[in-house]
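J.: The opening residue of the sequence shown carries number 1 in the UniProt record's numbering; numbering runs sequentially from there. Note that beta-carbon positions come from the ideal geometry of N, C-alpha and C, so glycine has one too. Fair warning: this is a prediction, and the values are worked out from it, not measured in the lab. Let me begin by handing over the structure; questions about it come next.
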Amino acid sequence: MLAISGSSLSEALLLLSRPSDKICATVILDLLRNKDVNPWRIVTDVEIGDTVVIDGVKYKKKRILGTGGSGSVFEIIREDNGTSFALKETSLRQNAEIYRGEVERLQTLKNCPHIIDLIAHDIIANNTILRMVLELGDGDLESEVKKNKGTLDAATVRLYAYEIGKGIQEMHENFPAIIHLDIKLANVLIISGTLKLVDFGLSATLRKNEDHVIRDFMFGSNRPPEQIVPRKDGTYKLTKKVDIWGFGFIVYQMTYGRKPFSNYTNKNKCIQRDVEKRATIEQLFAHRYLSEMKCNTCGDDDGGLSTASPP
């Protein structure tokens with residue numbers, strides 16, 4: 001396995017001088033052309049079509065689904081029954097404990113209806129690569145919104161908001177409670193018609209009798225103020241309210257086709273800058289917009305949500 005961490009000609013030549021490593025030709029070409037290369041893009045000895053064994057089960061790699069900040073995701077097929085899954089390969093060369101924690105949290109949340117199901121996992125290559133076998137989705141919510149030209153109808157927004165909210169509720173009411181910290185359209189997967197939260201790489205577990213975690217670094221999208229500006233000591237104090245902010249962003253984007261704050265200041269209870277005034281997931285489900293969805297009796301009432309124009 002080789003992790004590529006730069007995009008210079010000298011690095012490309014160095015890589016080419018090491019014949020023992022199997023290097024993806026497209027990555028080398030990108031380096032030679034001085035293109036941007038994902039610093040954590042993983043290249044392994046396993047090619048598409050090869051068999052991998054994870055937790056004693058054989059899978060065949062069918063195709064690559066995408067690459068992210070720390071690894072790659074493939075579609076794989078279980079050889080004994082033909083079932084398709086997703087294989088997520090993550091580099092553990094940095095922030096290893098964070099990504100190992102992703103496995104622990106997914107195991108804790110197993111069988112939650114609106115959380116991605118972890119099927120199996122292992123760690124290979126001298127403890128440098130984490131492999132996770134996960135449910136395979138039909139697509140993510142970001143792609144769904146784009147397919148519908150940026151917005152969704154009010155009834156669909158309401159249904160999706162309910163399902164995403166249930167996923168957040170499953171995390172926040174778990175014992176111990178879990179906070180996702182990266183709620184965004186791309187991290188909501190559609191699986192057999194059900195919305196599920198995915199990518200727990202930045203997530204955290206709240207200890208007993210604590211309502212926050214402290215991080216000395218922060219990544220992620222749709223970040224609230226407390227996730228952008230560090231405290232005086234350079235750390236970030238993060239609570240469940242971070243997920244509420246992300247939830248508000250998603251609902252807004254599905255409704256209006258753009259992120260809030262692009263040209264105005266919104267004061268609703270989800271994307272409220274003041275963390276103390278921001279709603280909890282329990283308060284959101286107490287509102288009729290979500291509470292009446294429990295019986296799936298939306299009818300033609302959109303709960304007061306207007307799609308005419310943003311406030």
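Count the other CB atoms within 10 Å of the CB of K241; is the residue buried (16 or more) or exposed (fewer)?
T.: With 16 or more other Cβ atoms within 10 Å, it is buried.
J.: According to DSSP, is D122 part of a helix, a strand, or is it coil?
T.: Here D122 sits in strand by DSSP.
J.: Please report the distance separating the alpha-carbon of K147 from that of F85.
T.: Those two C-alpha atoms are separated by around 24 Å.
J.: With a Cβ-Cβ cutoff of 8 Å, do G137 and G257 count as a contact?
T.: No, these two residues do not count as a Cβ contact at 8 Å.
J.: Distance, Cα to Cα, S70 vs P260?
T.: About 28 Å.
J.: Decide if the stretch 84-102 is in contact with the stretch 170-182; the criterion is three or more beta carbon pairs, one per stretch, under 8 Å apart.
T.: No: fewer than three Cβ pairs fall under 8 Å.
J.: Per DSSP, R131 is paired with what?
T.: The partner list for R131 (beta bridge, DSSP) reads E89, D122.
J.: Does DSSP classify Y59 as helix, strand or coil?
T.: Y59: strand per DSSP, three-state reduction.
J.: With distances taken between CB atoms, is the gap from I119 to T90 smaller than 8 Å?
T.: Contact flag unset, no.
J.: Tell me the DSSP secondary structure of L181 in three-state form.
T.: Coil.
J.: May I ask you to verify whether the stretch 158-175 touches the stretch 64-82, counting CB pairs closer than 8 Å and requiring at least 3?
T.: No contact exists between the stretch 158-175 and the stretch 64-82.
J.: Roughly how far, in whole angstroms, is the beta-carbon of K88 from the beta-carbon of V103, given that I think they are within contact range, below 8 Å?
T.: Going by Cβ atoms, the distance from K88 to V103 rounds to 10 Å, so no, they are not a contact pair.
J.: Measuring only from the beta carbon, is T51 closer than 7 Å to any heavy atom that is part of the ligand MN?
T.: Summarising the ligand content, the structure contains no ligands, and the ligand MN is consequently not present.
J.: Quick check on the DSSP output: the alpha helix (DSSP H) that includes T255 runs from which residue to which?
T.: Note, T255: alpha helix (DSSP H), 241-256.
J.: With DSSP run on the structure shown, which of helix, strand or coil describes G193?
T.: Coil, per DSSP.
J.: At the level of alpha carbons, what is the spacing between E276 and K110?
T.: Their backbone Cα atoms lie some 31 Å apart in a straight line.
J.: Of the residues L106, G101, L92, V57, which one's Cα is nearest the Cα of G82?
T.: Residue V57 is the option with its Cα nearest to G82.
J.: In terms of DSSP beta bridges, what is T51 paired with?
T.: Note: T51 sits in a beta bridge opposite K60.
J.: Name the residue from V53, L202, H212, G139 whose alpha carbon lies nearest to the alpha carbon of A186.
T.: It is G139 whose Cα lies nearest to the Cα of A186.
J.: What residue range does the beta strand (DSSP E) around E75 cover?
T.: Segment 71-78, the beta strand (DSSP E) holding E75.
J.: What residues in its chain sit with their C-beta under 6 Å from that of L141, if we drop five residues either side in the sequence?
T.: Answer for L141: L185, V188, listed in chain order.
J.: Kindly indicate which three-state DSSP category L136 falls into: helix, strand or coil?
T.: Correct three-state label for L136: coil.
J.: Near F200, which residues of its chain fall below 7 Å by C-beta distance, leaving aside the five closest residues on each side in sequence?
T.: Closer than 7 Å at Cβ, skipping near neighbours: E102, R105, L106, H180.
J.: Which one of E210, S192, L284 has the shortest CA to CA distance from K237?
T.: Comparing Cα positions, the closest option is E210.
J.: Contact defined as beta carbons within less than 8 Å: I believe H114 pairs with L195. What is the distance between those atoms, to the nearest angstrom?
T.: That pair is a contact at about 6 Å.
J.: At which residues does the alpha helix (DSSP H) containing I164 begin and terminate?
T.: Segment 154-172, the alpha helix (DSSP H) holding I164.
J.: Cutting at 7 Å between CB atoms, please list the residues of its own chain near A161, excluding the five before and the five after it.
T.: Answer for A161: V251, L290, listed in chain order.
J.: Excluding the five sequence neighbours on either side, which residues of its own chain have a C-beta within less than 8 Å of the C-beta of H212, listed in chain order?
T.: The residues are L206, K237, L238, T239.
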